[in-house]
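Line by line, the protein sequences give chains A, B and C. All residue numbers for the first sequence refer to my numbering, where the first residue is 140 and numbers rise by one. All residue numbers for the second sequence refer to my numbering, where the first residue is 140 and numbers rise by one. All residue numbers for the third sequence refer to my numbering, where the first residue is 140 and numbers rise by one. The C-beta atom is built at its ideal place from N, Cα and C for all residues, glycine as well.
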Amino acid sequence: MITIASDFGTPYPAAMKGVILRRTDARLVDVAHDFPRQDVRAAAFWLREVLPYFPPAVHLAVVDPGVGTDRAAVVVRAGDHALVGPDNGLLLPAARRIAAESAGSDGRNDGEGDVDDGDEDEAGNDEVEVFEYAYEDPDSATFHGRDVFAPAAAEVHEVGVDSLEALDAVSPASEFVDLALPEPAVREDDETGRVLAVDGEVLVVDDFGNAITNVPGALVRGRDAVTVNGERVPVGESFAAVGAGERLVTVGSHGYVECDVNRGRGDEAFGLAPGDAVTMQFD
Amino acid sequence: MITIASDFGTPYPAAMKGVILRRTDARLVDVAHDFPRQDVRAAAFWLREVLPYFPPAVHLAVVDPGVGTDRAAVVVRAGDHALVGPDNGLLLPAARRIAAESAGSDGRNDGEGDVDDGDEDEAGNDEVEVFEYAYEDPDSATFHGRDVFAPAAAEVHEVGVDSLEALDAVSPASEFVDLALPEPAVREDDETGRVLAVDGEVLVVDDFGNAITNVPGALVRGRDAVTVNGERVPVGESFAAVGAGERLVTVGSHGYVECDVNRGRGDEAFGLAPGDAVTMQFD
Amino acid sequence: MITIASDFGTPYPAAMKGVILRRTDARLVDVAHDFPRQDVRAAAFWLREVLPYFPPAVHLAVVDPGVGTDRAAVVVRAGDHALVGPDNGLLLPAARRIAAESAGSDGRNDGEGDVDDGDEDEAGNDEVEVFEYAYEDPDSATFHGRDVFAPAAAEVHEVGVDSLEALDAVSPASEFVDLALPEPAVREDDETGRVLAVDGEVLVVDDFGNAITNVPGALVRGRDAVTVNGERVPVGESFAAVGAGERLVTVGSHGYVECDVNRGRGDEAFGLAPGDAVTMQFD
Chain A
140 MITIASDFGT
150 PYPAAMKGVI
160 LRRTDARLVD
170 VAHDFPRQDV
180 RAAAFWLREV
190 LPYFPPAVHL
200 AVVDPGVGTD
210 RAAVVVRAGD
220 HALVGPDNGL
230 LLPAARRIAA
240 ESAGSDGRND
250 GEGDVDDGDE
260 DEAGNDEVEV
270 FEYAYEDPDS
280 ATFHGRDVFA
290 PAAAEVHEVG
300 VDSLEALDAV
310 SPASEFVDLA
320 LPEPAVREDD
330 ETGRVLAVDG
340 EVLVVDDFGN
350 AITNVPGALV
360 RGRDAVTVNG
370 ERVPVGESFA
380 AVGAGERLVT
390 VGSHGYVECD
400 VNRGRGDEAF
410 GLAPGDAVTM
420 QFD
Chain B
140 MITIASDFGT
150 PYPAAMKGVI
160 LRRTDARLVD
170 VAHDFPRQDV
180 RAAAFWLREV
190 LPYFPPAVHL
200 AVVDPGVGTD
210 RAAVVVRAGD
220 HALVGPDNGL
230 LLPAARRIAA
240 ESAGSDGRND
250 GEGDVDDGDE
260 DEAGNDEVEV
270 FEYAYEDPDS
280 ATFHGRDVFA
290 PAAAEVHEVG
300 VDSLEALDAV
310 SPASEFVDLA
320 LPEPAVREDD
330 ETGRVLAVDG
340 EVLVVDDFGN
350 AITNVPGALV
360 RGRDAVTVNG
370 ERVPVGESFA
380 AVGAGERLVT
390 VGSHGYVECD
400 VNRGRGDEAF
410 GLAPGDAVTM
420 QFD
Chain C
140 MITIASDFGT
150 PYPAAMKGVI
160 LRRTDARLVD
170 VAHDFPRQDV
180 RAAAFWLREV
190 LPYFPPAVHL
200 AVVDPGVGTD
210 RAAVVVRAGD
220 HALVGPDNGL
230 LLPAARRIAA
240 ESAGSDGRND
250 GEGDVDDGDE
260 DEAGNDEVEV
270 FEYAYEDPDS
280 ATFHGRDVFA
290 PAAAEVHEVG
300 VDSLEALDAV
310 SPASEFVDLA
320 LPEPAVREDD
330 ETGRVLAVDG
340 EVLVVDDFGN
350 AITNVPGALV
360 RGRDAVTVNG
370 ERVPVGESFA
380 AVGAGERLVT
390 VGSHGYVECD
400 VNRGRGDEAF
410 GLAPGDAVTM
420 QFD
């Protein structure tokens, strides 16, 4: 199985599929091809939240603002999975999550643990191996998805994740670009240890307009309301907890706090965009 | 085979696919993931028009404004097909259509029958069985598509549509939410029985801007023109029957009258949105 | 394998897939369903650029402004591939490219040959066979994708590309609608033969806003800058060659010169739309 993710829109991903299907009869599954253009961080977030649900697979992912420069191609092995893409950090958060889950510790943020044990990045480090994938510059300097990464993913699939060192093009990476999604800072009462507030940020805005933050759900679960950037907002178990058009915060399907509007767009109602700071204060 | 439909956009459906593929190697076919957000009626219409074309399959469909509330999950068996989704009526129009076709009576509106025999809803009732699918609340209150319905669809696929009662989670539904798409009202001349007019409504607007009504095509076929909400409009066999930018009514691929514009948007030209009344008068 | 391309948006292509899957268990691969509406030329371009990357397959493609008129259906055989769709020229550029590549001459524009040898249209002619596919008018005059072309593609797949003449519905086309994408005109110095300028046009604008011209990449490769419609613009190996928001021309993944903006929309910055003339002058 090969999953495919990119910011290519259409029809470019079809060319990648053709290239792959000339080399393997693997099952192909699209993850998304409408990731925000050239936004490595947003794509890294989505890959981390989606890829761990798959059975062992080769995951081809290309969000690649450096295409045509001398940035390397990498293959990352995590548990029984391999991830193939540009060396810009895109694959690392997902790889670490997959590795942590493969190792038996459920690295997925279930919104119930403490903030401080959210260190799945480190938890998965032992299990993540980064390889450089050597390639010659193709004729096209702008579509390595088709000309470099698609053949690489097919090759990795055919040789097998366990045996990818057998590929001539593959060698251990002496260095690679890393990426860690930002972690929120929790402010506690010095004496009681009670959590007073958290300084987080918006990681991405999804298709619904939900502004997904990096604040773990555990911090809001069970509360009636929180103060978001100075305004008090109800906490809901689901969108239906408030009337149509009203704001709320929920714990999204990824375990993080979202700023939402029932049947509306949370990003607009809260005035939030990716990267914006979100401070939540608790009673 | 498992078909998948939702209003989730991307990349959420990919997580559903991962969950399914951990449990089965069934073929997966996307129906659509851009149904109008939380619009159960529109999605019910599209499912009814599309799913009957498939060979026997499990159809996973999630448009679910009540996610996180105590609404039940259902599995609906119709002929050799099963439909899995929330208990909000979404699945019933498609299930009845499939059942009617499985029973040999072509329930699909071919636009040639009378209005009054358009009762495929009742025609299919004997063949449709609704089961409740019991589930425990997952950690996430907002993504039952991934955490409840995707595993359910995989489970139904693996046990087989004929044997779905064998699943522990499945039991006959004592009650369920039903949904019937609105039927038009035909006005006839008392003496001659000639059809004078029909009071229908817009069911959905498709990607082209075609305003699809619930008026059966038989009422306009063979006419040169009809009066739509007071304005006379030509009837065309196809868009090309009028010049670019001109209005017409056609019988769409689903057998219903559409208000269209050749190379333009019918919804805008006619001023029609889903739910709007459409009265057609005949000479 | 059957690839599917259209301008149908969603969920109409799902009905096509259902129809096909009732007739064959072929692998289905979506090429795109968001081609510009009813724009045969744009779709012909994309099909030509994408389909040749696939292994032997049946390619179903429907962009069909003449649906419901008496336009014929065609099956085009090119090498080990067959293309199925309306008789409006849509399939011919892709078929000729595939045939040329099957014949061993790399018909794909690699941006390195001369302008004048870009005659892949003629190169592939011997290998392209056009058949008419006879069909009876289906109930629906507006969705031949589902009612005519999808069954035809399944039928061709099942009988095999080599044996498609065995189908009753198939006969050699005595005539068919042809389509050739426009070729640019090169102006050379009479004495030295040096290329002074090229008069091309924008073929399509892609999802990124890149304005893709018909000017071969070889004309700009190795230059620092060119003058595009009177304004001097740098030539970049990749988008990253200029700062964010700045204009450049690149050689796209299809081998043609694109008018681009790094992290922006080239069509807007250059004021270019499909069909617009693009004159490039060289120092």
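Taking the straight line between their C-alpha atoms, what separation do you get for residue i and residue j?
i         : j         : result
C/Asp-249 : C/Phe-421 : Low per-residue confidence applies at C/Asp-249: pLDDT is 45, beneath 50, and the placement is therefore not dependable, though the value from the model is reported in the following sentence. Computed Cα separation, rounded: 20 Å.
B/Gly-361 : A/Asp-146 : 48 Å
A/Leu-229 : C/Gly-391 : 23 Å
C/Ala-273 : C/Ala-211 : 8 Å
C/Ala-324 : C/Gly-339 : 6 Å
C/Ala-379 : A/Val-223 : 22 Å
B/Ala-350 : B/Leu-411 : 7 Å
B/Arg-333 : B/Glu-385 : 29 Å
C/Ser-279 : B/Val-388 : 13 Å
B/Gly-252 : A/Ala-144 : Bear in mind that the predicted position of B/Gly-252 carries a pLDDT of just 35, short of 50, making it unreliable; the figure below should be weighed with that in mind. Rounded to the nearest angstrom, the two C-alpha atoms are 46 Å apart.
A/Val-302 : A/Arg-216 : Note that residue 302 of chain A is Ser in the sequence shown, not Val. Taking the straight line from one Cα to the other gives about 10 Å.
B/Ala-291 : B/Asp-209 : 17 Å
Among residues of its own chain, excluding the 5 on either side of residue i, which ones have a beta-carbon nearer than 7 Å to its beta-carbon?
i         : result
C/Pro-413 : Ala-181, Val-341, Leu-342, Val-343 and Val-344
A/Asp-336 : Rather than Asp, the amino acid found at residue 336 of chain A in this sequence is Ala. Once the five neighbours on either side are set aside, the close Cβ partners of A/Ala-336 are Arg-326, Thr-418, Met-419, Gln-420 and Phe-421.
B/Asp-415 : Glu-340 and Val-341
B/Asp-286 : Pro-277 and Ser-279
Helix or strand or just coil, what does DSSP make of residue i?
i         : result
A/Arg-235 : helix
A/Asp-346 : coil
B/Val-298 : helix
B/Asp-146 : coil
C/Glu-240 : helix
B/Arg-360 : coil
A/Glu-370 : strand
B/Val-223 : strand
C/Gly-218 : coil
C/Val-202 : coil
C/Gly-414 : coil
C/Ala-308 : coil
C/Pro-194 : coil
C/Arg-404 : coil
A/Ala-423 : Beyond the ends of chain A as shown, which are 140 and 422, falls residue 423 of chain A; an answer cannot be given.
B/Arg-176 : coil
C/Ile-141 : strand
B/Val-287 : helix
A/Leu-318 : coil
B/Ala-280 : coil
A/Leu-160 : helix
A/Gln-420 : strand
A/Ala-165 : coil
A/Ala-211 : coil
B/Asn-303 : In the sequence on display, residue 303 of chain B carries Leu and not Asn. In the structure shown, B/Leu-303 sits in a helix (DSSP, three-state: H, G or I).
C/Ala-336 : strand
A/Ala-383 : coil
By Cβ distance, which residues of its chain are closer than 8 Å to residue i, with the 5 residues on each side in sequence left out?
i         : result
B/Pro-195 : Met-140, Gly-218, Asp-219, His-220 and Val-300
C/Glu-294 : Arg-162, Leu-306 and Ala-308
C/Tyr-395 : Asn-248, Gly-250, Leu-342, Ile-351, Thr-352, Asn-353, Val-354, Pro-355 and Gly-356
Suppose the cutoff is 6 Å on Cβ atoms and the five residues either side in sequence are ignored; what does the same chain contact list for residue i look like?
i         : result
C/Val-168 : Thr-142
C/Gly-405 : Gly-348, Asn-349, Ala-350, Cys-398 and Asp-399
C/Ala-289 : Met-155, Val-158 and Ile-159
A/His-198 : Thr-142, Leu-190 and Leu-222
Does residue i pass the burial test, meaning 16 or more other C-beta atoms within 10 Å, or should it be called exposed?
i         : result
A/Asp-203 : buried
C/Thr-352 : buried
B/Gly-356 : buried
B/Gly-284 : buried
C/Pro-311 : exposed
A/Asp-329 : exposed
Got a sec, what are the start and stop residues for the beta strand (DSSP E) residue i sits in?
i         : result
B/Phe-270 : 267-272
B/Thr-389 : 386-390
Locate the alpha helix (DSSP H) running through residue i, then write down its first and last residues.
i         : result
B/Val-179 : 179-189
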